[in-house]
Structures are given as structure tokens and as C-alpha cells.
Amino acid sequence: MAAMMLNAMRRCSLRPSWAMRFGACSLSTTTQLQAQVQTKSKKTLARPGVKNIVLVEGVRTPFLLSGTTYADLMPHDLARAALQGLLNRTNLPKDAVDYIIYGTVIQEVKTSNVAREAALGAGFSDKIPAHTVTMACISSNQAMTTGAGLIAAGQCDAIVAGGVEFMSDVPIRHSRKMRKTMLSLSRAKTLGQRLGLIGSIRLAHLTPELPAVAEFSTAETMGHSADRLAAAFGVSRLEQDEFALRSHTLAKKAQDDGLLQDVISFKVPGRDIVSKDNGIRPSSMEQLKKLKPAFIKPHGTVTAANSSFLTDGASAVLIMSEEKALAMGYKPKAYLRDFVYVSQDPKDQLLLGPTYGTPKALERAGLSMSDIDVFEFHEAFAGQIMANLKAMDSDWFAQTYMGRKTKVGTPPIEKFNLWGGSLSLGHPFGATGCRLVTTVAHRLQKEGGQYGLVAACAAGGQGHAMVIEAYPQ
Amino acid sequence: MCCRFGDLYKECCDDDCNYVSFALIFLFTGNNFRTFSMAPALLARTHVNYEVKGDVAVVRINDPSSKVNTLSVQMQREMTEVMNEVWANNAVQSAVLISSKPGCFIAGADINMIQACNSPEEVTTLSQEGQKMFERIENSPKPVVAAINGSCLGGGLEFAIACQYRVATKSKKTVLGTPEVMLGLLPGAGGTQRLPKMLGLPSAFDMMLTGRNIRADKAKKMGLVDQLVDPLGPGLKSPEERTIDYLEEVAIECARGIVSKKIPLRKEKGRMQKIQDHIMSYGFVRNQIYKTVHGKVMKQSKGLYPAPLKIIEVISICNSSLCEANVTHFHGCFQNFGELAKTSESAALIGLYHGQVACKKNRFGTPQKEVKTLAILGAGLMGAGIAQVTVDKGVHTVLKDTAVAGLARGEQQVYKGLNDKTRKKNITSFQRDSILSNLTGQLDYRGFENADMVIEAVFEDINIKHAVLKEVEAVVSPHCIFASNTSALPIKDIAAASKRPDKVIGMHYFSPVDKMQLLEIISTDQTSKDTIASAVAVGLKQGKVIIVVGDGPGFYTTRCLAPMLAEAVRVLQEGVDPKKLDGLTTSFGFPVGAATLADEVGIDVAAHVAEDLGKAFGSRFGGGNVEVLKTMVDLGFKGRKSGKGCYVYQPGLKTKEVNPDIGDILEKYRITPNPAVSSDSDVQYRLVSRFVNEAVMCLQEGILNGPLEGDIGAVFGLGFPPCLGGPFRFVDSFGADKLVEKMRRFEAVYGNHFTPCQLLLDHANDSSKKFHK
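For the protein sequence lines, the chains are A and B, in the order given.
If you're matching positions, the first sequence starts at 24 in my numbering and goes up one per residue.
If you're matching positions, the second sequence starts at -19 in my numbering and goes up one per residue.
Next up, the structure:
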């Protein structure tokens, strides 16, 4: 209710020019003015007493199917490439940022703080602290919002946030028994003790331990859960295949039209220069139809083609306070506005993050679904997207599970993931969040919209949504 | 409700446990039949309906008058009608059979329908009728797919296996089984023929002789179901509704797949299966199996239960090569079913089943305040056991002890109980951890002001009990109930120290708490109704079968057990070896022998109780010399917990030897047996008649609410032979007059230990008087 009133007040207020607004920004005492500033068509989301945080630039390495050209690298190499790309694009002095944050999911044990290793390797000043965050598929979202928090709190003015995932190589461990024996071996003092320990090794000790693909709390793999979710919302195989095909078709078009400006070229050591995502494969419904279900057999609906694939890739964004960006002579791309993190039942609602996150983020920003011009949702599975759309369109679901009076409402499909999505571009877990935000900024610029919405689901039954506002052209 | 019984059952039935230990299992188990009075035949169909979806007929079962579906007369009639229409409809190519109830496919035959039959012939006809329909389904030209969600038991399972294909949900509520043996029956509608063909002899025997519930994933592995469907979460409908819809959708696809021959009905057999089948094709191999199984059943059941023996017999006849041609053999199966249904054992087991259902209800109504925080004093075997059965029911459980070591041991016991479930894959490690987050271990009374109930499980000493009662009352809120887990101290004596005796009650658990189903609740004259209602509600939540009894020394169970153990000690003093004593008791039907039972209870506890009750009841409770027990305790022979008692217990060893040192003790207290009352049979009746007489006396004195609770308490708490149905049913079937006659003979030798009580005499004098109608 309060939000609605505030909203109405904003709408009624006067419309001073943008120039006035910028003047106001640099003066911390004139916050009153800020609230009244509006664009030609829609109000701005700037709020009294809250710093404006801007996205200056966002880049990413090409997202490649794991096991292809990046196969021999290490995670920090990819992150390094993204950071260097960001430096090149922005001409940012190497000591001009205050902090570097990276998101990643499957950690390489040698570089567990991959943010620091990548920053050093990319030539950033060694005086810039860096830390790594992890929150499954929304890890780089968490990196960005952590940065935004540091800026809002007045701790920092310029942040580099990013994400990296490298699925071509994952840590495969010795079995627990073997590790125990090996650790005891390192503590053994006499030859006799050592020989005894070596003698205790059995064949079973040598079975390796792969990184878990299943949800820890429920022991269910995500694909399995997605298939159940699709079934729960009555999403058909056809709907999923159609959505997957749409994603690939749109991605192909965006790639061909040169819209994916965030992709940087990367000379892979010992290999060629890579400058394009290689997972975009528009195919035909007939071909998609032929595939067998990948998780629930034989009657499941989630297949390899309507799921996102294992991807290598890294992304990076430069986030600043508006004053700092302007002071450094940058032309920001967008404002990062209200965001939320949500979480729910990791078993039956594992991938419903967007449904829960979207209305909360919109309410915070005082916006409604129809205000949004650009939607970028993370496409983990076609079935997951369709299930979320159906959940958002259901009064019953909203009332029974979300404590809302009415349904959330569905994003219009003509504004939804128009340049492809994780299904087609690829989904390096830790890096996708920055891609979504950068894509929204670019689409807002290209399409002339004012507000964009990012939403994503993540393992653990978590989710994220963020409102992004176009920076005035 | 059904599934809860099922879960309990699963918990106590190890995969490796011997598959004929049904007598013991009965102590720990429930089963899933439910009954209702027969509805008058209506013109409109109320139980079975169908809908044609394209070329598939979806047949839906839903008994409107009950929570579960049973194969009642009406259900069978409507099913036949519907199937006839399906077969006659040319547009229909196949059928799906599904229940509209979320937690139940078909829970079995209607027990009342069977009990209402007056003769074995009538039951035989009933069984034949059912089988006839299943046979038509089996031979149906249009494939029938059973879509199973929830319990699929007994006749329900026999129905499902008559279908061409089975799809089941992986839900926890989905269990398949043939629990007939636990009611003294056999699968009477084709299970004995179809299961061995489907699963092979060993698995079929396992299912039918243990009656255990099989979860969907295991059923798939065994080949009992063909396809699994995952239960769904919330979507556009409630999870339960949507899961049934989804199951139906998948089953329809399967039905179409079978018609279009995309899904083969004959599965390619694996090499192992082929080899096994080949071996089984030899008659002598099969006979050897029958012999082995028969031997095991005899060993476990002592031949006291006719049902498992009949099952073996029927299987061996029906699976001989003659069977398919020989109709008379087939007919024999039904006859056996009819005969079994009218045995006293079956009546006893069905009586126990009904009793158990009755004792799973709260006849005191809903308590005013739900117990959300339960504190337990004493983290010993008992206290931790109570915590174990409470913490996983969403109740915040506080476990308090006075020493760190004791507390650590207790918490470890709770952890181990849950971890064992994790290892058996009943729960995930995550569920284990989140359940454990409800447990608080502590040494002080911090937070007791939030407790809704405190159960004390401290040492059995009235002074200690009074001390903790006062400590607790000083810290708890006024509504908090104080329950004492004592096995013999009168509750009114404990309540004497209380400021609010209306909130004091007895809750007598049995060890091991997580395995033993019984809870004996003791109310005094001062205990309020609401306090009783609350205690029963907690017990039900813990999954217990509950009897509520009046206050008095030893209440009901301990009071019945004490004279029997006194007699057992006398028998030992008379020179009977503990092993022989165990043999005599087990061959009477007790799942645990008297000597072993004393070790399990604890010799110290037995001595304590014998002394206390001896004081309370005088010479009637005499028999063996209490000094025997006391000397054993002095020497450290406290039973299983101390490693030595009547037997020597070594960790890891399954067989146990008689403790060589007790020979000297028994020699010291040696009595010369009177040969007139020392035959094996006499020894058995000496033990049993004292038990039974005391039980009847408890009813006479109003300790017991009725004979039903008396039977349940004796069977589930003390292991009274399930095949006899409890002391009261035993008096009914054995004859009070015959029992009194035996007791008079013993009385002549031993005196008032064997004096029959008045109520028993009344029944002896009037043969029309029965405890159970």
C-alpha cells in the first residue's frame, strides 16, 4: 500500500530536466530533487537517500561447449580473459577499482579464491582486494549485488564483478577412505607405519569421487527436478521443444546481426582466436522430437535439446557509483535498481525462483509487469521457463503458495529473451548473471525501453530478480 | 493412517531379517486393512466408474464411505459391471485402473466381509468370486494397466498383478504387499499362483510369508511393477491431485504403447533369471526349497500358525507342473483360504488387528493444547528412546541428563537411530540432520518454561522421582504435564509430591522404545481428562499403540509379567535349564523365551519389581525366591545390558550360551520339583495361567478398561502369543473352566499363587460368558 502511494506521488510530481538531475546527484544534500526527476515517458527509480549505482560496461568471453577450444585452460584463465577484455573496452586504469568480486560454482581447488588469482593475472594492481562468492547459478548476480552493496554503503566507488565456470575440467577426488589413508601417510613417522598404511589400501579405495550433480538436500539431480516441475505444471514436451527452438533461433539471429556486443575475442593459448559462442544450433522440431528424455525415463519430457548444456565461460562487469562514473568520464549503460533474493522448497520448487523473485523486485521498485520493456530470464531448462510462466499466470498458485491475492502475471513473450538465452548461448553457472544484466542494458539501449528485469533460478531452491533502468541516452 | 502403519512396519523389518519371523514381527507391526459396514446395494454405481479417453477406458475406484478402498461385495459387483462395459465397447482398445484416493489404491479385502461368513465354504465361494474376476482381467483381450498410488495390499495387490502392466508412483505412501499371513490367512485370490510366476519362488515366499510392505522402488527391482512415476510437487493443482493426474497420463500412454506393441509385455529375462528358472524347473529342486522354507517356518512358528504352512502347501501344489491342467488343485487353494479364515488363530490375529486399530485412536478427545515442546529427563536407554520416537515427529525435544557422559550417550543413541534409517535409505542424510535440529541436549533446566510436557525417565526410586518432580514444577509453566516413565511405582505415590496432581500421569514405554509399539498410560483418580488426552495424543504422534489403565502397583503389564517371571524363577530353581525354559515358552507361542525376557528386561529391574510387587500383593506374588535374582544382581549379572544374565552376551555373536555361573546360584536355592505338576505342558501352563489370572484380575479390579486393551497390552508389550490373541481371547478359546481346573491342580501343590480370581471363576461357571463377543 505504501509503495502504491509513493508510486502515485512520483507520477504526479513535476518533471525537471535531466541536467538538473545530474547536478542534484553530486550534491548529497539535495536528495529531495532526485525523487522528482523523471524521464520523458516514465518516472525514474532513483530514490532519496539511495545512491545511484550504474553499470558502466559488461563483457564476456565467448561461451563454449565444455570440452571444446577452452579444454586445456584453467578457470582463472577464462576469468582473466574477461577481466582483460573489460580493461580493454573501458580503458580503465589498472588501479582504479576498489574491489573485485567473482562468482563461481564448481571450484578449482588450486584457485579457490579465483577472483584474486584472475585479477592478479589480468594485471590489476595487487593492492585491490578480491573475493569469490558462490550461490549456484546466481553466483555472479551475487557478485554484482555484493558490489552494489559496498557502493551503497559508501565503502567503495568502483567495483569489478564477474563470474566464471569451467566445466571442461572439474575436481575429481580420491575416495574418502583413500584421502584418509593418504593424510595419515603424510603424518606417519616410521617406515613401518608407512608400509602398513600403504598395505591397507584396497581396490575399493581407488574409486574416484565425482563432483555431486545432485542437490545435496534432496539427492535429486536438477534435470530430474525440472522434469517433475514441468509435469506438475502440465508443460508438454512440444511446448518445451518449441521454446528451445525459439531460443536457438533468436540467438542465431542476434549473433548474425551483431547484437551480442558483450562478447570479446579471446586468443586461446595454443589455439585460435575465439570470438563467437559455439552452442547456438537452431534445428527443426522434427529433430528435437527424436531425442529421448534425458532424466526421467521413459515418459519424461526434458531432453538434452531443451536443457542448457555444460558450458565454459567467464563474464565481467564494471559497476560504479554514478558520480564516480561521470567523474571518470564514462557514459554509463544502465542503473542497477532494486533486487531481491528469494528461496523456497528445494525439492518441489527448486527452479521457481523467477516466479517468487519477480513480483518482489517489481513491488520494491514500485513497478508493474506492464512497465517492464525488457525481460531477461535465465533459461536453465525450457520446461523450467514454461513452468515459471504458468506459475506466474496462476491465481491458485499465487494464493496457495505465495500468499498473494492474485497472480503475478506473465511477461509478454515479445519482450522475453529476444537475443537467445542460456539454452542456446550456453550457461557457465557462475558467469550467467552478468550476461543477463549486460544483455538487459544493451537491449534497453537498442530497443529504446526504460526498464528491464533480470530473473534467475538457482540450485538450493533459490532465486534472484533485479530491476534495471536504462541510462538516459 | 494406513501408510503410517506401513512405515512403522518398514522400520522394524530389516531386509536381512529372516523371512518367516512373523510371530516376532507381529509384536512390532501393524497392517493395513480397514473395514466398514457393508453398504446396501444401490442402483447407481458409487464405487467404480469409468471414462473413455480416446481409445483408453480409465476405470476409477473410489469408495465414498471410507478413507481407503477395500474389495467389498459392492466394489466387486460394480467392477464386474464396468469391465463388462469396457470389454463390450468397440471404441476402447485398452484400460487403465486407478484409484481416486490420494493415499490408497486398494488396501485389501474387506475383513468384515470375510468375518461375516459363517462357514469355510462361504469364504471359499467369496474367494472364488474374486479370483474369477481377476482371471477375466488376466485373460483380457484389451490390456489393463494398473496405476498404483498409495497402499496396494492383499486383494488389491492380487488385483494389480492380474493386470497386464503396473505403473506405480514412487511416493512414500505407495506400498505393495500381501499381509494376509499376519491375519492368519493366505492370499486367496490368485496371489499364490501369480506371484511365484512373476517374481520367482524365493521372492514370492518372502512376500507371502512375512507379509511385509514393499516400497515402489524395491517393487520395480523385483519386477512387481513395470514402471515408476515420480510424485509431483505443487503446480496448477495440489501435489496429491496432480500426481494422480500425472500417473493417469503416464498409464494411458503405457496402455496405448502396449496396444501398439511399442511396450512389450514379455520382458527379456536376464541370464541369471534364465539360469534360476531352469534350475527351478526341476521338481526336486523345488521340493528342496519347499522343505527348507517349511523347516524355517516350523522353527520360527513352532507350528503354532497354520497360515504360513498352508501358504507353502498351496504354492507347492499350484506350482507343480500339474497345476495348470488340474482344476481341482486350483480349487484346493480356495478351500484352504476358506478353512484358514475360520481358524482360531486367524480369529485371534484379526482380533488383534481390530484392537490395534482401536488403540490407535484417542478416546479422550483432542487435548486443549498441542504438545510442541517435550522435555525428557534422563538420557538413558529409555529417555533417549523416547527422544528418538519424538524428535522426528516435528516436536521440539529437550533431552536432559545430569552428567555429560550420560547425555552424550543418549544423544548418540538418537543420532544412531536416525543414521540407521539413512543407511537403509528410508530418509536422506539431509532429513536426518534437519530432524536432529529439533533435539536439544542439556544438563540444566534452561528453557523448561516452554515445555508443554515433561517425561521423566530417571532411576526407579520414589525419592529420586519426587526430587525431579519438585525441580520440574519449580521451573515449568502451569499448563505443563508431568509424565513418569515408570514400570511399577504407583503414579499416585509419585503425584503425592506434586502441587498439581491433575497434571501428573504415567507413561510406561517398553524397551527398545523405537521397536516396541506399546505405550501404557496410567491415570490416577486425580489426573484430569485433558492430561490423559494430551498424553494419548503424544503417544499416537510417536506411533504407539496405546492402552490407558488405572493406577496400582505394576499397573497392568508389569503386574501380569511379575507372577510369570516369579514362576519362571521357580522353574529354574526346580532344575530346568534356561534354554529348556526358553524352549517351553517359545513353543507355547511367546516370541521371546522367559529367561531371555528376564535378561532383556534386566535382572535388577526384575528383582526390584518382584520385591515391590511382592510387598504390595503379598504371598500371591511369590513363587521363585527373590534372592536368586538379588544374588545375580550382586554378582553383576544384570542381563543383556551388563553382558551377563541367564546367558552370556558377546558383542557380534548371535548365538548365546547359558551363563555357567548361575548354575551355582540355582544349586544353592534348589527346590525339588513335584512330578505331578512338572511335565513340559504343566510348566507351560503354570507360567501362562499365572499371567492370565493376573490379567483377568486387573479387569476385575478395574485397572483395565476392557478385555480388548488387555489383549493388546499383553501381546504388544509383553509378547503374549499373538496366535492366542491375548490372555482374554485365550480364556475364551481355551475355556475358562479348563483353565481353572488346571490352576486348581497347581494350587494344590503351590498354594495361593494359583488361586483363580473371581471373574475367572465366574466365566468358568458359566460357559456362555465370553470376554470377546
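Beta carbons: idealized from backbone N, C-alpha and C, even for Gly.
Using a Cβ-Cβ cut-off of 7 Å, B/V239 is close to nothing in chain A; its nearest Cβ partner there is about 16 Å away. Here A/M158 is bridged, per DSSP, to A/C160.
Nearest neighbour of A/V156 by Cα position, chosen from A/A145, A/I174, A/I182, A/G186, turns out to be A/G186.
A/R112 sits in a helix when the DSSP states are folded into three classes. Of all residues in the region 373 to 398 of chain A, none has a C-beta nearer than 7 Å to a C-beta of chain B.
Residue-level contact by beta carbon fails for B/F708 and chain A, as no gap is shorter than 8 Å. With respect to chain A, the C-beta atom of B/L561 has no partner C-beta closer than 8 Å. The residues M415, D416, S417, D418, F420, A421, in chain order, have a CB closer than 8 Å to that of A/K430 in the same chain once the five nearest residues on each side in sequence are set aside. Just measuring C-alpha positions, the residue of B/V663, B/R666, B/G275, B/M612 sitting nearest B/Y649 is B/M612. DSSP, read as helix, strand or coil, puts B/F439 in coil.
Between the region 64 to 79 of chain B and the region 113 to 131 of chain B there are three or more C-beta pairs closer than 8 Å, enough to call the two in contact. Proximity of chain B to A/F256 at the Cβ level (cut-off 7 Å) is accounted for by G215, L216, in chain order.
Nearest Cα to B/V351 within the set B/Q522, B/V38, B/D197: B/Q522. For B/D210, the chain A residues whose Cβ falls inside 7 Å of its Cβ are R251, I319, in order along the chain. By the Cβ-count criterion, B/I683 is buried, with 16 or more other Cβ atoms from all chains shown falling within 10 Å of its own Cβ.
For A/K430, there are no neighbours in chain B by C-beta distance under 8 Å, as the nearest C-beta there is about 11 Å away. Minimum Cα-Cα distance from A/S148 among the listed residues A/G281, A/Q216, A/D121 corresponds to A/D121. Non-local beta-carbon contacts of A/F256 in its own chain, meaning distances under 6 Å to residues more than five positions away in sequence, involve A410, K413 in chain order.
Short of 8 Å from the beta carbon of B/I259, and not among the five residues preceding or following it, lie these beta carbons of its own chain, in chain order: V265. Taking a Cβ-Cβ threshold of 8 Å, the residues of chain A close to B/F410 are F239, S240, T241, A242, in chain order. Within the region 305 to 338 of chain A, the residues whose Cβ lies closer than 8 Å to any Cβ of chain B are, in chain order, I319, P321, H322.
The way I'd put it, the region 434 to 448 of chain A does touch the region 270 to 289 of chain A; three or more beta-carbon pairs between them come closer than 8 Å. Here A/E262 is buried, its C-beta having at least 16 other C-beta atoms within 10 Å. Under DSSP, B/S281 forms no beta bridge with any residue.
Under the 8 Å criterion on CB atoms, A/K65 is classed as non-interfacial with respect to chain B.
Using beta-carbon distances, B/V125 does not count as an interface residue toward chain A, since no partner is under 8 Å. The three-state reading of DSSP puts A/M97 in coil, since its state is none of H, G, I, E or B. In the structure shown, B/G421 adopts extended strand secondary structure according to DSSP, grouped into three states.
DSSP places B/S80 outside both helix and strand once states are collapsed to three, so it counts as coil. Here B/Y262 is exposed, its C-beta having fewer than 16 other C-beta atoms within 10 Å. Scanning B/Q393, B/V518, B/D531 for the CA closest to the CA of B/D505 turns up B/D531.
In the structure shown, A/N136 falls within a coil segment according to DSSP collapsed to helix, strand and coil.
With a minimum length of 3 residues, there is no unbroken run of beta strand (DSSP E) contained wholly in the region 401 to 471 of chain A. Just so you know, the alpha carbons of A/V82 and A/A339 end up roughly 5 Å apart.
At least 8 Å separates the beta-carbon of B/G215 from that of B/M187. With a cutoff of 8 Å on beta-carbon distance, B/L354 and B/T377 are scored as near each other.
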